[in-house]
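Per the numbering used here, residue 14 is the first one in the sequence shown, and the count goes up by one each step. Glycine included, each C-beta is placed from N, C-alpha and C at the ideal position. Note that the coordinates shown come from a computational prediction; the quantities given were computed from them, not determined experimentally.
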Amino acid sequence: MVEQFNSECERIVGINLDSFTKSVTDFEDLVTPKYKAVLKNIYSQLSKTKDEIQFELEIVNFMHKTIFLMSNAIALNKGDDDRGHYISVQSAFMDITKLKHKKELISNIIRHDPLTDVLNRSAYDYDMDLIKCDFSSYHLRPHGGKFITFVVIDINGLKFINDALGLSNGDESIKAVANIVQTSLKKIGVIYRTDGDVFFCHIKTHDKYEVRTRLTRLHALTDKYSRYLIKHMSLSLVSKTFSIDESDIDIKKFIQIAEQRMYEAKRFKTS
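In structure tokens:
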């Protein structure tokens with residue numbers, strides 16, 4: 014695995030980290046254990062995805078942090094003999110910083126919905142794959158146990174708005190919904206636009222009270238929007254929390270349940 018990781022580093026960044034580390038005298042022991050410790054986690058997640066852009070960005074980010082650590086260590090401890098090593102590390106750090114910014118820009122464009130600027134379906138698929146690979150690392154409660162919350166939001170009436178008022182009004186409605194969701198779930202929710210009229214939110218907090226409070230706020234804002242701004246559109250919402258101890262329910266099944274309940278709520282509203 015270490016050899017495979019070094020090969021990927023060399024392919025993506027142009028640096029073989031093992032060779033580079035050994036060339037910096039006295040600093041191999043400082044850096045090597047740190048990067049080897051995370052290899053298993055990186056590969057257990059990233060090797061299972063087909064998203065090459067995001068995979069490469071993760072590698073670049075990791076290399077960036079590692080070389081930054083080396084640079085700081087040399088700066089604090091360098092003697093006359095270390096000047097050449099310091100220049101070498103600084104040069105590598107500058108090169109990888111430029112590469113990091115380039116990869117981040119590409120990833121940002123690929124992962125974001127251009128209309129709403131929330132994450133798109135591609136980002137959703139990638140991130141859910143990571144959760145499925147290593148759910149055990151998510152949301153550790155202070156008193157034990159792990160849980161996760163998803164919120165699925167569907168826009169009812171969007172087709173009517175597009176047909177009656179034009180596509181531009183439909184787009185404005187979608188942007189308004191995205192803004193409501195972002196406002197309601199600020200700092201605790203990762204928001205994806207997974208379909209034309211569907212948003213999927215991954216809630217990142219173990220505080221159940223805060224989740225309930227945020228969802229209440231989301232309901233209130235969406236009700237206000239439906240009643241006073243565009244009468245022909247409403248939102249249906251479903252949320253569910255489950256513990257990792259409920260081993261009979263896996264992530265994939267949970268997502269299917271959440272989406273099914275969303276569609277049931279939609280049918281009820283339109284009946």
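Based on the DSSP output, what are the partners of residue i in its beta bridges?
i	result
residue 205	132 and 213
residue 229	Note: residue 229 sits in no beta bridge, so no partner.
residue 125	132
So, at 8 Å on beta carbons, what are the nonlocal neighbours of residue i in its own chain, with the 5 sequence-adjacent residues on each side left out?
i	result
residue 120	66, 67 and 70
residue 259	With a pLDDT of only 46 at residue 259, under the threshold of 50, the placement of this residue in the model should not be trusted; the figure read from the coordinates follows. Excluding sequence neighbours, residue 259 sits near nothing in its chain.
residue 214	163, 164, 165, 166, 194, 198, 202, 203, 204 and 205
In chain order, what residues of the same chain have a beta carbon less than 6 Å from the beta carbon of residue i, not counting five sequence neighbours either side?
i	result
residue 199	none
residue 191	129 and 131
residue 270	none
residue 231	197
Roughly how many whole angstroms lie between the Cα atoms of residue i and residue j?
i	j	result
residue 140	residue 117	16 Å
residue 104	residue 172	55 Å
residue 72	residue 29	12 Å
residue 234	residue 227	11 Å
residue 77	residue 170	47 Å
residue 175	residue 208	16 Å
residue 181	residue 134	22 Å
residue 23	residue 81	17 Å
residue 113	residue 27	13 Å
residue 115	residue 142	24 Å
residue 100	residue 107	11 Å
residue 74	residue 123	17 Å
residue 184	residue 178	11 Å
residue 218	residue 229	16 Å
residue 25	residue 126	26 Å
residue 21	residue 32	14 Å
residue 111	residue 225	42 Å
residue 220	residue 109	38 Å
In terms of residue numbering, what span does the alpha helix (DSSP H) encompassing residue i cover?
i	result
residue 196	180–197
Report the CB separation of residue i from residue j in whole angstroms; it is logged as a contact under 8 Å.
i	j	result
residue 211	residue 165	7 Å
residue 12	residue 205	The chain is shown only over 14 to 284; residue 12 falls outside these bounds and no answer can be derived.
residue 216	residue 201	6 Å
residue 168	residue 144	With a Cβ gap of about 25 Å, residue 168 and residue 144 do not count as contacting.
Can you determine whether any heavy atom of the ligand HEM sits closer than 6 Å to the C-beta of residue i, and answer yes or no?
i	result
residue 165	As presented, the structure is devoid of all ligands, the ligand HEM included, so that no description of it is given.
Excluding the 5 residues flanking residue i on each side, which residues of the same chain have their C-beta closer than 7 Å to its C-beta?
i	result
residue 189	238
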